[in-house]
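Peer 1: Handing you a structure now.
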Amino acid sequence: MESHITTILTPFSFSKLQEQLVLVAHYASFSIEDGFLVRHHTKVEGGQKVYWALQEGIISCNCHQFEFTGILSKHSIKVFSTGNCFKIPNRYLLIRWCRINMSSSKLLQSAPNDHVKRVKLLQNMVSSLIVEYAKFKKWLDIATEQVSIFSSRIREQPIALQRGRDISSINSNL
Numbered sequence: 001m002e003s004h005i006t007t008i009l010t011p012f013s014f015s016k017l018q019e020q021l022v023l024v025a026h027y028a029s030f031s032i033e034d035g036f037l038v039r040h041h042t043k044v045e046g047g048q049k050v051y052w053a054l055q056e057g058i059i060s061c062n063c064h065q066f067e068f069t070g071i072l073s074k075h076s077i078k079v080f081s082t083g084n085c086f087k088i089p090n091r092y093l094l095i096r097w098c099r100i101n102m103s104s105s106k107l108l109q110s111a112p113n114d115h116v117k118r119v120k121l122l123q124n125m126v127s128s129l130i131v132e133y134a135k136f137k138k139w140l141d142i143a144t145e146q147v148s149i150f151s152s153r154i155r156e157q158p159i160a161l162q163r164g165r166d167i168s169s170i171n172s173n174l
């Protein structure tokens, strides 16, 4: 799993998922009627219930870490490991945690009918930028300054360009 995600995730999100991967070794999974029970190897009771619908490719843990953070929990990863799943399904590798790749940059330059997808991608890119560079004041200051410069450049574009009539010339100016 680790070699699969190292090229996909940003360094920050990779380190967060790697923390979970390291903890997986300390957990045991037990098949129960409607899923799995995952608990620390030293515990006799308790644990988290994990439901894995293999055919649909859906996994859900009652700790709800993925729903809160966008990073899979050690419990879910343990169940994937138990089931000999060596890659994390794409649905659990959120765009906001992924490195920007060629398909993402092509999407930003795509036709106007993909506007909603492009807006979502931009939101995810900015969200990743904030998460990664908020760790240190100096990084945050640099990122803030660069975003401010970029925003000024966009505001300087003629009104017709801002309304999306000639996106190609904006891309060539940047």
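UniProt numbering numbers the first residue of the sequence shown as 1 and each following residue consecutively.
Ideal Cβ positions, reconstructed from N, Cα and C, are used throughout, including at glycine.
1. Tell me the DSSP secondary structure of R39 in three-state form.
2. Relative to the C-alpha of L54, which residue among F36, L9 and T6 is closest?
3. Shortest alpha-carbon distance to C61 belongs to which of H75, L122 and F68?
4. Would you decide whether I32 is buried or exposed? Buried here means 16 or more other CB atoms lie within 10 Å of its CB.
5. Following the continuous beta strand (DSSP E) through V50, name the residue where it begins and the one where it ends.
6. Ends of the alpha helix (DSSP H) at S73?
7. Per the DSSP calculation, L9 is bridged to which residue(s)?
8. Would you identify the three-state DSSP class for A25, choosing helix, strand or coil?
9. Going by beta-carbon coordinates alone, are A143 and L121 separated by less than 7 Å?
10. Q20 and I71 look like a contact to me (Cβ under 8 Å); what is the Cβ gap, rounded to whole Å?
11. Cutting at 6 Å between CB atoms, please list the residues of its own chain near P89, excluding the five before and the five after it.
Peer 2: On the basis of the supplied data:
1. For the purposes of this step, residue 39 is identified with residue 39 of the sequence shown, where counting begins at 1. Looking at R39 - three-state DSSP - the assignment turns out to be strand.
2. The count along the sequence shown starts at 1 and reaches residue 54 at position 54. F36 is the residue among F36, L9 and T6 whose C-alpha sits nearest the C-alpha of L54.
3. Counting from 1 along the sequence shown, the entry for residue 61 is found at position 61. Nearest to C61 by C-alpha distance, out of H75, L122 and F68, is H75.
4. Residue 32 sits at position 32 when you count from the first residue of the sequence shown. Per the 10 Å Cβ criterion, exposed.
5. Translated into positions along the sequence shown, residue 50 becomes position 50. That run of the beta strand (DSSP E) goes Q48 to A53.
6. Residue mapping note: residue 73 aligns to position 73 of the sequence shown, counting from 1. No alpha helix (DSSP H) contains S73, which DSSP labels as neither H nor E.
7. Residue 9 sits at position 9 when you count from the first residue of the sequence shown. As DSSP reads the structure, L9 sits in a beta bridge with C98.
8. Position 25 of the sequence shown, counted from the start, is the residue given in the question as residue 25. Coil, per DSSP.
9. The residue given as residue 143 occupies position 143 in the sequence shown. The residue given as residue 121 occupies position 121 in the sequence shown. No. Outside cutoff.
10. Counted from its first residue, the sequence shown places residue 20 at position 20. Counted from its first residue, the sequence shown places residue 71 at position 71. Cβ-Cβ separation between Q20 and I71: approximately 7 Å, consistent with a contact (criterion under 8 Å).
11. Against the sequence shown, residue 89 aligns to sequence position 89. Around P89: G57.
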